[in-house]
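Under numbering that gives the first Met the number 0, think of the first position of the sequence shown as 0, with each following residue one higher. Even for Gly, the Cβ is constructed at its ideal location relative to N, Cα and C.
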Amino acid sequence: MELNLVPISITRQKQDPAWNHCEVFKNGERLQIKCMYCGKLFKGGGIHRFKEHLAGRKGQGPICEQVPQGVRSVMQESLNGILVKQDKKQKLIPKLLACGSSSSNPNIGGEVENLGSHDDMNFGIKPISVLNTLEGDSNVVSKVGRGRKRGRGRDWNLIESNYPCVKTDLALVPNGGDNPTHMAIGRFLYDIGVNLDVVNSVCFQPMIDAIASGGSGVVPPSCHDLRGWILKNVIEEVKDDIDRNKAMWGKTGCSIIVEQCRTKNGRVLLSFLVYCPQATVFMKSVDASHAFYSADYLFELLKQVIEEVGSEKVVQVITNCEEPYLFTGKRLMESFPSLYWAPCLAHCVDLMLQDFSNLEWINETIEQAKSLTRFIYNQSSVLNMMRKFTSGNDVVEPALTCFATNFSTLKKMADLKLNLQAMVNSQDWLECPYAKKPGGQAMSDIVNNRSFWNSCMLIARITYPLLRVLEIVGSKKRSAMGYVYAGIYRAKETIKKELVKQDDYMVYWNIIDNRWEQQRHLPLYAAGFFLNPKLFYNTEEHIHNDILSSVFDSIERLVPDTNIQDQVVREINLYKSATGDLGRPMAVRARDNLLPGEWWSIYGGGCPNLQRLAIRILSQTCSSIGYKPSKISIEEIHNTRNFLERQRLSDLVFVQYNLYLRQMVLQKQEKDSLDPLAFNNKDILEDWIADNEVSPDNLESSDWKSLDPPVGNRTTLTPPGDEAEDFLSTRFTDLDIFNGLKGVKEEI
């Protein structure tokens with residue numbers, strides 16, 4: 000980036016979707032737009048020219064080759080909509096002229112003259128990634144102008160309202176307080192007291208459509224209908240869906256997940272789920288409070304579930320790391336010699352992040368950042384100003400766990416560093432009454448503190464790979480087994496490159512190795528790395544040989560037939576040398592754009608025994624975190640003493656849980672629809688947004704009704720594109736790191 004490029008503030012009126020995909024700067028007196036995907040810098044032409052760049056439409060500029068297809072489609076639709084509106088305006092000009100000839104308004108000619116010349120040129124700040132370099136001398140004082148250029152064009156709706164002889168079909172759907180449908184939905188949701196994020200359910204819009212199709216006066220179902228025939232029908236729908244998924248368990252194998260929940264009353268509730276790439280399904284829930292610490296009881300419970308699913312289909316059983324499961328897991332592996340017990344990897348990575356956060360310098364930086372966000376998110380005018388200067392971005396970034404949220408938020412703040420500095424050095428801030436209060440002065444000091452930002456950016460860089468691992472492990476849309484080993488490798492490699500000196504980076508390596516210790520007994524991670532073609536063919540030969548032992552362990556356990564074991568070993572040589580279809584140009588290209596299980600399914604027919612094993616290993620998850628729906632109260636089942644009602648509640652939870660699991664994959668909700676202040680984000684974000692002391696002054700000076708709605712968190716932890724492939728695309732060459740993952744301790 001050129002040194003004289005300065006980000007400028009955004010105006011709230013900017014609604015064009017193209018603004019979400021660029022960074023805007025001021026270079027002297029000129030405004031310039033930079034593409035977030037290919038980095039192309041536009042020195043003129045406005046947002047329309049940039050939109051053509053994203054849409055792939057040949058015009059006055061080059062076409063972006065790196066924009067995601069979904070974004071390109073949105074831009075194409077937007078351009079098509081502009082053409083339709085321009086065509087309608089051209090047809091209306093004669094009518095306007097006719098009205099103008101009899102009108103006493105002398106300015107109508109000017110209005111018509113400028114119809115086609117309107118060009119949207121209001122620019123604003125976009126988040127700027129500053130994680131590439133630590134600053135040597137931060138002296139960023141960015142003054143942001145308060146005025147804006149006015150476009151030559153006029154408001155078309157205003158023209159139509161002033162001249163009633165003009166009639167168009169450009170009517171807008173009512174919004175805000177003018178929409179009676181939204182008001183009716185709001186009153187209903189407020190009345191029943193549910194979390195308002197229910198509107199993000201994939202079932203919400205179909206329900207609205209069904210009601211609308213019934214016309215006025217549609218008769219709603221009764222309470223008895225919902226408790227009776229409707230519930231029965233939905234149960235059958237869910238069971239049919241599960242039966243279709245069961246057909247895949249034999250082909251891909253499956254993982255049994257034990258989701259544990261401790262209630263406020265001290266109960267231990269265990270939910271049993273079955274994962275395969277096609278879907279995760281809920282089987283049942285058990286109250287284990289009376290015998291949770293009995294290894295025999297847990298063993299019998301899990302044994303029953305394994306036999307119900309079919310032991311020959313189960314690749315692994317995933318639980319948390321509590322002591323009762325350690326003994327139970329060992330007994331399961333002894334009783335079922337063709338499966339593994341695996342502690343939850345997401346919990347393991349979260350413990351690594353917890354240990355990182357306990358280091359003094361990191362903890363101090365986190366606390367400084369929290370003091371800043373607590374002040375921002377408890378003053379409505381300050382929060383509005385912050386969102387203005389960050390183009391609607393929030394500075395807090397919720398992640399899968401609380402400790403991950405600490406580090407994802409530090410990264411988000413580092414990305415928005417220049418935006419925050421522009422804010423606290425702006426005229427708007429100087430005129431804000433909160434700037435003179437202790438919290439505001441402390442905020443200015445932190446934002447202008449070079450040492451804070453250096454620490455913040457270094458922490459973000461050394462923890463970012465672990466956050467990516469946690470995202471991959473917690474993904475509900477892809478199987479993680481083929482990526483975990485490489486993800487931990489990349490985390491250690493990044494730390495080594497950042498800190499260089501062995502005495503410095505070994506502090507963090509030791510944290511990772513100590514937490515990884517509980518995973519070393521499981522060879523599936525190394526086998527998944529070996530069988531992922533993108534990673535395998537991107538790794539040095541001596542490292543292949545180094546992790547073959549883990550592959551052999553997996554073969555001996557997951558393939559009971561010794562004759563087939565021997566065939567699998569022989570077929571490994573075909574895989575190593577990319578013989579036959581494995582080495583076709585199509586197969587080579589597909590290593591980068593197909594999921595590893597899909598790649599084996601398509602190109603692995605020449606080594607069928609290794610193909611079956613590879614698909615079974617690569618089709619597994621590694622996490623038990625994030626599957627429990629917070630809105631479902633499983634405890635109610637076990638609180639009900641009437642046998643018939645308990646049965647009905649069990650079936651209701653069965654339906655709710657499985658619909659929730661289906662929605663995790665189908666749901667289109669993006670991060671930009673999350674509101675950090677929403678109650679459903681309380682557990683993850685409370686420590687970042689909750690003021691330690693709620694004083695009467697705060698209650699009087701902050702008013703939620705004056706708070707501008709979030710525009711959307713337009714930056715995300717994961718860059719555009721695939722969530723794992725870009726992260727793991729470079730070669731794997733450091734044998735020291737692989738030795739650490741295997742448990743071979745190097746001498747320091």
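- Have a look at D349 and L297 and give me their C-alpha separation to the nearest angstrom. 25 angstroms
Does the segment 345-364 come into contact with the segment 512-522, if we say contact requires no fewer than three beta-carbon pairs (one atom in each stretch) closer than 8 angstroms? yes
Does the distance from the C-beta atom of K491 to that of W508 stay below 8 angstroms? yes
_C-alpha gap between W360 and P464, whole angstroms_ = 20 angstroms
Taking 7 angstroms as the limit between beta carbons, can you name the residues of its chain near V567, skipping five residues before and five after? I554, V558, N608, L609, L612
ask   = What are the boundary residues of the alpha helix (DSSP H) that E307 is part of?
value = 294-308
| task | Whole angstroms is fine: what's the gap from L651's alpha carbon to Q662's? | result | 16 angstroms
Taking a contact to mean a Cβ-Cβ separation below 8 angstroms, would you say V395 touches L684 in this structure? yes
Three-way DSSP call (helix, strand, coil) for G123 in this model
Because G123 carries a pLDDT of 36, less than 50, the predicted location of this residue cannot be relied on, and no value is offered for it.
What are the boundary residues of the alpha helix (DSSP H) that C606 is part of?
-> Segment: none, C606 is in no alpha helix (DSSP H) and carries neither H nor E.
Note to self: Buried or exposed, going by whether 16 or more other CB atoms sit within 10 Å of the CB of H289?
What the structure shows: exposed
Checklist line | V472 versus L658 - alpha carbon distance | finding: 22 angstroms
Buried versus exposed call for D444 [16 or more other C-beta atoms within 10 Å across all chains shown]: exposed
Just checking, does the segment 239-250 make contact with the segment 259-268 on the three C-beta pairs under 8 angstroms criterion? no
#### Entry: For C455, the first and last residue of its enclosing beta strand (DSSP E)
Premise fails: C455 lies in the alpha helix (DSSP H), 449-472, not in any beta strand (DSSP E).
A183, DSSP secondary structure in three states = helix
Please classify E42 as buried or exposed, where buried requires at least 16 neighbouring CB atoms within 10 angstroms.
It is Lys, not Glu, that sits at residue 42 in the sequence shown. K42 is exposed by the Cβ-count criterion.
- Task: Drop a sphere of 10 angstroms on the beta-carbon of M385, count the other beta-carbons inside from all chains shown, and report buried for 16 or more, exposed for fewer.
- Result: buried
Practice task
Starting from Y488, trace the alpha helix (DSSP H) both ways and give me its first and last residue.
Solution key: 483-498
- Span separating the alpha-carbon of A421 from that of A398: 27 angstroms
Counting C-beta neighbours from all protein chains within 10 Å, is the total for N531 16 or more, i.e. buried, or is it exposed? buried
Notebook entry, point to check: Cβ atoms of F271 and F653: under 8 angstroms apart, would you say?
Noted result: no
- Could you check which residue in C275, T262, V217 has the C-alpha nearest to that of R243? C275
- Task: Consult DSSP for E258 and reduce its assignment to one of helix, strand or coil.
- Result: strand
With DSSP as the reference, identify every bridge partner of E22, one or two as the case may be.
K33
Exercise for the section: Taking only the alpha-carbon atoms, compute the straight-line gap between N418 and V499 and give it to the nearest angstrom. Expected result: 31 angstroms
- Going by DSSP, what residues sit across from L269 in a beta bridge? Q259, V285
Own chain partners of R615 with C-beta closer than 8 angstroms, once the 5 adjacent residues on each side are dropped: T251, G252, V314, L557
Residue from A525, R588, F451 whose Cα sits closest to the Cα of N362
F451
- Query: Quick one, are the C-beta atoms of M480 and L617 less than 8 angstroms apart?
  - Reply: yes
According to the Cβ coordinates, are R56 and L78 closer than 8 angstroms?
yes
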